[in-house]
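Those letters in the sequence shown? Residues 1 to 307, per UniProt numbering, in order.
Cβ atoms here follow ideal geometry from the backbone N, Cα and C, with glycine treated the same way.
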Amino acid sequence: MNKFSAVPLMIKAARVASKESYPDDVSKRFMIVPQCHVTRLSVANDSDGKRVTGILTERGPISVAPDCKVIFALGMIESTRLALLSFGEEGPIGSNLMAHLRSSIDFRIPRIALDRLSPKVQALQSSALLVKGKHNFKRADGTLDGTDGYFHLQITASGLDNINSDSEAELFQKVPDIDTVYQHLLASDSHVVITIRGIGEMEAGNPNSNVSLDRDPSQTDYGERKAYVNLHPSAKDLQLWDALDQASDELAVALAAGHNIDVIARTPPRMMASGVAATALTRDLPYVIRNGDNPIWSPRWAWDHTP
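Here is the structure:
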């Protein structure tokens, strides 16, 4: 369960609603219907435009009252696909597609590098911090163009006692992120494992990034056309990505406080280099490898990254 997941809140709301109206499902104010795939919405024209009159599912239609509000909560791509199928492909639906520029680095520092911190901080087994960043965009000639891009760095650190058979379960409760749990298992009473995850904002209004319906008639899902995604980082996106990675490396050097570090690779998780200078991160985990302006691959990308 992700530490920012809405699922626990949703389950709690369903339980409360069930208790309030039990055993009458008709009057229930909130209910989760499992294993019921929504294919599209039925719409009708009225004086205010188009109104949803029904929900079409694999199990049949569900009528919608005139005063009912239909909320799309399928994520960026599937919500757009449902809107395109239901309301048509005319208009701005699917344009202005944006995601996050993401990079992550994992490394281990000796605990003595944190001696300058208070004893209370040093006693923590796991901690998380957030650092905000801003980049001043530059033109090709190196001069500032007057616009800014924004990113932030999520810092997770763990320093456990000596690893035992229960450490993975314990750590997963403290750092509930399947992407980094194996890296943090390398923590010990003498070393602290740190993950710096950078997340940057993509530029808005990029005409080359959009969601549309797939033109291949064989690409269907429950009889409806699948989504086709175009996501192309702009020149400013790539510039911000480099600034994000540079800030991550500079932060790692500051955290190491002059001590050598161990670099941890992600694919697969393993100790990549031991006892190297913190400045070696840029060498051992290079920034985005590109083909011209197109990002191809980077060892810093998270496993769920979509280029």
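Entirely within the stretch 81–147 and at least 4 residues each: give me those alpha helix (DSSP H) ranges in chain order.
-> 119–122
Would you mind giving the Cβ-Cβ distance between His-191 and Arg-108, rounded to the nearest angstrom? I have them listed as a contact below 8 Å.
-> The residue labelled residue 191 in the question sits at position 191 within the sequence shown. The residue labelled residue 108 in the question sits at position 108 within the sequence shown. Confirmed, Cβ separation roughly 5 Å.
Using the Cα positions of Leu-56 and Val-64, report the straight-line distance between them to the nearest angstrom.
-> In the sequence shown, the residue the question calls residue 56 occupies position 56. In the sequence shown, the residue the question calls residue 64 occupies position 64. Leu-56 and Val-64: Cα-Cα distance of roughly 11 Å.
Start and end of the beta strand (DSSP E) containing Pro-61?
-> To locate residue 61, count along the sequence shown from 1; it is residue 61. 60–63 is the span of the beta strand (DSSP E), which, as asked, contains Pro-61.
For Arg-215, which beta-bridge partners are listed by DSSP?
-> In the sequence shown, the residue the question calls residue 215 occupies position 215. According to DSSP, which records beta bridges pairwise, Arg-215 is partnered with nothing at all.
By the 10 Å Cβ neighbour count, where 16 or more other Cβ atoms means buried, how is Thr-156 classified, buried or exposed?
-> In the sequence shown, residue 156 corresponds to position 156, counting from 1. So Thr-156 ends up on the buried side.
Hey, is the stretch 99–115 in contact with the stretch 228–247, meaning 3+ C-beta pairs nearer than 8 Å?
-> yes
Do you know how far the Cα of Ala-257 is from the Cα of Arg-81?
-> What you label residue 81 is simply residue 81 of the sequence shown in a count that begins at 1. What you label residue 257 is simply residue 257 of the sequence shown in a count that begins at 1. Taking the straight line joining both Cα atoms gives about 49 Å.
Are the beta-carbon atoms belonging to Leu-85 and Val-211 less than 7 Å from one another?
-> On the sequence shown, position 85 is the one that residue 85 refers to. On the sequence shown, position 211 is the one that residue 211 refers to. No, the pair does not count as a contact, with Cβ atoms beyond the cut-off.
Under 7 Å, do Ser-234 and Glu-201 count as touching if we go by C-beta distance?
-> Taking the first residue of the sequence shown as position 1, residue 234 is located at position 234. Taking the first residue of the sequence shown as position 1, residue 201 is located at position 201. Their beta carbons are not under 7 Å apart, which means Ser-234 does not touch Glu-201 by this criterion.
Bridge-paired residues (DSSP) for Tyr-228 = Counting from one through the sequence shown, the residue named residue 228 turns up at place 228. DSSP output for Tyr-228 lists Ser-212 as bridge partner(s).
Do the CB positions of Pro-119 and His-259 come within less than 7 Å of each other?
-> Sequence index remark: in the sequence shown, residue 119 carries index 119 (1-based). Sequence index remark: in the sequence shown, residue 259 carries index 259 (1-based). Taking 7 Å as the Cβ cut-off, Pro-119 and His-259 do not qualify as a contacting pair.
Taking the CB atoms as reference points, tell me whether Ile-32 and Ala-13 lie closer together than 7 Å.
-> As a working mapping, residue 32 is identified with position 32 in the sequence shown. As a working mapping, residue 13 is identified with position 13 in the sequence shown. Going by C-beta atoms, Ile-32 is not nearer than 7 Å to Ala-13.
Identify which residue in Met-76, Ser-79, Ser-274 has its Cα closest to the Cα of Leu-193.
-> Indexing the sequence shown from 1 puts residue 193 at position 193. A small fix is needed here, since residue 193 is Val in this sequence, not Leu. Looking at the Cα atoms, Ser-274 is the closest of the given residues.
Where Asn-206 falls, given that 16 or more other Cβ within 10 Å makes a residue buried | The residue labelled residue 206 in the question sits at position 206 within the sequence shown. That one is buried.
Considering only residues of the same chain and omitting the five flanking positions on each side of Asn-208, which have a CB-CB separation below 8 Å?
-> Counted from its first residue, the sequence shown places residue 208 at position 208. So the list reads Asn-230, His-232, Ser-234, once near-sequence residues are dropped.
Straight-line Cα distance separating Pro-8 from Ser-127 = Along the sequence shown, one-based indexing puts residue 127 at 127. Along the sequence shown, one-based indexing puts residue 8 at 8. So the alpha carbons of these two residues sit roughly 22 Å apart.
How would you label Phe-30, buried or exposed, when you count the other beta carbons within 10 angstroms and need 16 or more for buried?
-> Stepping through the sequence shown from its first residue, residue 30 is reached at position 30. Burial call: exposed.
Residue from Arg-215, Ile-196, Ser-188 with nearest C-alpha to Ile-112 | Counting from one through the sequence shown, the residue named residue 112 turns up at place 112. Out of Arg-215, Ile-196, Ser-188, Ser-188 has the C-alpha closest to the C-alpha of Ile-112.
Where do the ends of the beta strand (DSSP E) carrying Val-52 lie?
-> As a first step, residue 52 is located in the sequence shown; it is residue number 52 there, counting from the start. First-last of the beta strand (DSSP E) with Val-52: 49–57.
For the alpha helix (DSSP H) containing Val-7, list its first residue and its last residue.
-> The count along the sequence shown starts at 1 and reaches residue 7 at position 7. Element bounds for Val-7: 7–21.
Shortest alpha-carbon distance to Gly-198 belongs to which of Leu-129, Arg-283, Pro-66?
-> Indexing the sequence shown from 1 puts residue 198 at position 198. Measuring from the Cα of Gly-198, the nearest candidate turns out to be Leu-129.
Spatial distance of Glu-224 from Arg-215 (CA atoms) | Residue 224 sits at position 224 when you count from the first residue of the sequence shown. Residue 215 sits at position 215 when you count from the first residue of the sequence shown. C-alpha separation (whole angstroms): 12 Å.
Endpoints, the beta strand (DSSP E) within which Asp-245 is located = Locating residue 245 in the sequence shown gives position 245, counting from the first residue. Unbroken run through Asp-245 is the alpha helix (DSSP H), 235–256; no beta strand (DSSP E).
The alpha helix (DSSP H) spanning Thr-282 covers which residue range?
-> Indexing the sequence shown from 1 puts residue 282 at position 282. Its alpha helix (DSSP H) spans residues 281–284.
CA nearest to the CA of Arg-40, picked from Glu-78, Gly-146, Leu-255, Ala-254 | By one-based count along the sequence shown, residue 40 stands at place 40. Out of Glu-78, Gly-146, Leu-255, Ala-254, Glu-78 has the C-alpha closest to the C-alpha of Arg-40.
CA-to-CA distance, Lys-236 to Phe-137, given in whole angstroms | One-based indexing of the sequence shown puts residue 137 at position 137. One-based indexing of the sequence shown puts residue 236 at position 236. When rounded, the distance between both Cα atoms is 7 Å.
Nearest to residue 309 by alpha carbon, out of Cys-68, Val-38, Leu-240?
-> For residue 309 there is no data in the structure shown, the boundaries of the chain being 1 and 307.
For Val-288 versus Pro-299, is the C-beta distance shorter than 7 Å?
-> As a working note, residue 288 is residue 288 in the sequence shown. As a working note, residue 299 is residue 299 in the sequence shown. The answer is no: Cβ separation not under 7 Å.
So, is Phe-72 buried or exposed, given that buried needs 16 or more other C-beta atoms within 10 angstroms?
-> The residue you call residue 72 lines up with position 72 of the sequence shown. Exposed: under 16 other Cβ atoms inside 10 Å.
Ser-42 - DSSP class collapsed to helix/strand/coil | Locating residue 42 in the sequence shown gives position 42, where the first residue counts as 1. If DSSP states are grouped into helix, strand and coil, Ser-42 belongs with the strands.
Give the DSSP bridge partners of Ala-197, in chain order.
-> Taking the sequence shown and counting its residues from 1, one reaches residue 197 at position 197. Checking the sequence shown, residue 197 turns out to be Arg, not Ala. Paired residue(s): Ser-104, Gln-154.
Pull up the distance between the alpha-carbon of Ala-17 and that of Val-43, whole angstroms please.
-> Residue mapping note: residue 17 aligns to position 17 of the sequence shown, counting from 1. Residue mapping note: residue 43 aligns to position 43 of the sequence shown, counting from 1. Rounded to the nearest angstrom, the two C-alpha atoms are 28 Å apart.
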